[in-house]
Amino acid sequence: MRRRQFVQLAATSLLGACASMLVTPVTPEGAIVRLVLRDYPDLLRPGGALKIRPVGKDQLYYVLALEDGGFAAVSPICKHQGCIVDIARDRMECPCHGSMYTRAGAVLRGPTQAPLDRFAVAVSGDGVLTINLGQLL
Ligand code: FES
55 MRRRQFVQLA ATSLLGACAS MLVTPVTPEG AIVRLVLRDY PDLLRPGGAL KIRPVGKDQL
115 YYVLALEDGG FAAVSPICKH QGCIVDIARD RMECPCHGSM YTRAGAVLRG PTQAPLDRFA
175 VAVSGDGVLT INLGQLL
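Start counting the sequence shown at 55; every next residue gets the next number (the numbering used here).
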C-alpha cells in the first residue's frame, strides 16, 4: 500500500469512527421523545440508526430503522454484564464478551440470556416518531 492510500484509508476510518460515536441530544417531554423523521436522514433508510441522549440525563438510547420499515428504540446496555453494545449493519454486538442482538434487541448469541430493554415507539402520519422511554415492551 502506498503512503497516500494509507493516509486516505486511515482518515476515512477515523471519520467513520467519529461519526459512529456522535450522540444527538434530545429534549423529552416527560418520558416522551418526539423525532421529526425528515430531520434525521439516518432513520429514513433501513439499517439506519441514531444515538440519542435526553438533555440532562446520563442514559443513552439507540433508535434503529428496521428492515421491515419499522423502528426500534432500545437501551444499549448489554444484559450480560452491562457493557455498551455496538451497532453493526444488521445486528448489535457487545464488545466485552461477544453477545449479539438483533437490531430490535432480541438475543442472537450469548452469553447474554436476556434481550435489550426495548421501548414503545409509534410513527404518526405526518412523520413524527414518538418514543416512550417510560414504557418497556
Ligand atoms: S457484557 Fe455484553 S457480552 Fe458480556
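Each residue gets a CB set at the ideal place from its N, CA and C atoms; glycine is no exception.
Cβ pair Arg133, Ala176 closer than 9 angstroms: Sequence inspection shows Lys at residue 133; the Arg mentioned does not correspond to that position. Taking C-beta atoms as the reference points, Lys133 and Ala176 fail to come closer than 9 angstroms.
Which same chain residues end up closer than 6 angstroms to Val87 when comparing Cβ atoms and leaving out the 5 residues on each side of it in sequence? Excluding residues within five positions, the ones whose Cβ falls inside 6 angstroms are Val80, Ile185.
Is it true that the CB of Ala174 sits closer than 9 angstroms to the CB of Ala127? Their beta carbons are under 9 angstroms apart, which means Ala127 touches Ala174 by this criterion.
Cutting at 6 angstroms between CB atoms, please list the residues of its own chain near Ile138, excluding the five before and the five after it. These residues qualify, in order along the chain: Pro130.
Sorted by chain position, which residues of the same chain lie with C-beta nearer than 7 angstroms to Arg145's C-beta, five sequence neighbours on each side aside? Cβ neighbours of Arg145 within its own chain (closer than 7 angstroms, five residues either side excluded): Met154, Tyr155, Thr156, Arg157, Leu162.
Could you tell me which of Leu191, His151, Gln189, Thr78 sits nearest to Asp112, measuring between CA atoms? Considering only alpha carbons, the answer is Thr78.
May I ask you to report which of helix, strand or coil DSSP gives Leu191? Leu191 sits in coil when the DSSP states are folded into three classes, being neither helix nor strand.
For Arg172, the three-state DSSP class (helix, strand or coil): It is a strand residue.
Can you give me the Cβ contacts of Gly188 inside the same chain, cut-off strictly under 6 angstroms, excluding the 5 residues immediately before and after it? Same-chain partners within the cutoff: Ala85.
Among Pro149, Arg172, Ser178, the one whose alpha carbon lies nearest that of Gly164: Gly164 has its Cα closest to that of Pro149, out of Pro149, Arg172, Ser178.
Do Leu183 and Leu89 have their beta-carbon atoms positioned less than 9 angstroms apart in this structure? Cβ distance < 9 angstroms, so Leu89 and Leu183 count as in contact.
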